[in-house]
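Take a look at the structure below.
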Amino acid sequence: MKRFISIFIALVLSSTFIFAQAYDDGDEYDDGYVYESNGKGDQFLKLNMGVLIPNNFGGSPRNKENPGQLYTGIVAEVGYFRFLNKSFALGGELDATYNLSIGDKALIMVPITFGALYQPTIAKFEFPNYLLVGLGYEAWQNTDFFPSLVLKASSGIFYRINDAASVGGSASFTMVNEFSKAGYDKGMFTGVTIGARYHF
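Take the position in the sequence shown, starting the count at 1, then add 160; the result is the number in our numbering.
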């Protein structure tokens with residue numbers, strides 16, 4: 161009887177070991193799902209800060225032979241986007257900019273834009289490309305102007321730290337178009353920013 165019990169226990173332990181070995185060797189459950197860092201319904205908030213370079217205001221204010229009207233200024237961007245699939249998203253941005261002129265007068269712009277994002281991904285690197293259009297408010301000397309037509313395009317590279325965060329940098333081109341009784345005027349700016357995104 162003792163021998164029978166010993167043999168039975170040995171068989172149970174052996175079969176348990178064999179099944180455990182088979183499970184460890186790759187017989188894991190696989191439902192065919194491939195993990196993507198972004199998918200339909202995923203969202204993110206972005207915050208970028210950097211410099212805003214005027215493109216069409218003459219030379220540099222520090223160049224006495226060819227003075228420009230504006231110094232390089234600063235820009236802050238906040239935005240929200242929601243993915244339609246793993247690569248395309250819709251959303252909007254709010255920017256705030258500040259540039260000084262050679263006469264120490266401030267140009268303040270607050271564009272609000274909406275548009276689309278196309279973002280290819282390679283491993284943990286994401287390459288966001290935005291096309292946006294909207295309205296802007298400008299304050300220059302003692303004059304306020306609203307609304308102006310704003311067109312913006314930007315591209316960047318971000319590194320996905322984890323499911324909830326990515327960091328990186330972007331370059332943007334913004335055109336601000338003003339239509340008034342005095343006529344048509346436009347300002348063109350290049351932005352270079354670094355920032356972070358919160359994904360949820």
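Glycine included, C-beta positions come from ideal geometry on N, C-alpha and C.
C-beta atoms of residue i and residue j nearer than 9 Å
{"i": "G355", "j": "V336", "result": "no"}
{"i": "V211", "j": "T353", "result": "yes"}
{"i": "L260", "j": "Y240", "result": "no"}
Three-state secondary structure (DSSP) of residue i
{"i": "S326", "result": "strand"}
{"i": "G343", "result": "strand"}
{"i": "A249", "result": "strand"}
{"i": "S315", "result": "strand"}
{"i": "P271", "result": "strand"}
{"i": "E196", "result": "coil"}
{"i": "G294", "result": "strand"}
{"i": "L244", "result": "coil"}
{"i": "G375", "result": "A query on residue 375 cannot be resolved here, the shown segment of the chain reaching from 161 to 360 and no further."}
{"i": "A283", "result": "coil"}
First and last residue of the uninterrupted beta strand (DSSP E) at residue i
{"i": "I262", "result": "Here I262 belongs to no beta strand (DSSP E), and DSSP marks it neither H nor E."}
Residue from the options whose Cα sits closest to the Cα of residue i
{"i": "N245", "options": "V235, V310, Y278 and F274", "result": "Y278"}
{"i": "T281", "options": "D264, A325, S247 and L254", "result": "S247"}
{"i": "T257", "options": "P288, W300 and F339", "result": "W300"}
{"i": "P307", "options": "I272, F318, P288 and A331", "result": "I272"}
{"i": "N208", "options": "Q229, E253, N215 and N216", "result": "E253"}
Beta-bridge partners of residue i, as assigned by DSSP
{"i": "K206", "result": "G239 and R357"}
{"i": "P288", "result": "Note: P288 sits in no beta bridge, so no partner."}
{"i": "N337", "result": "L309 and K346"}
{"i": "P214", "result": "F349"}
{"i": "A276", "result": "L250 and L291"}
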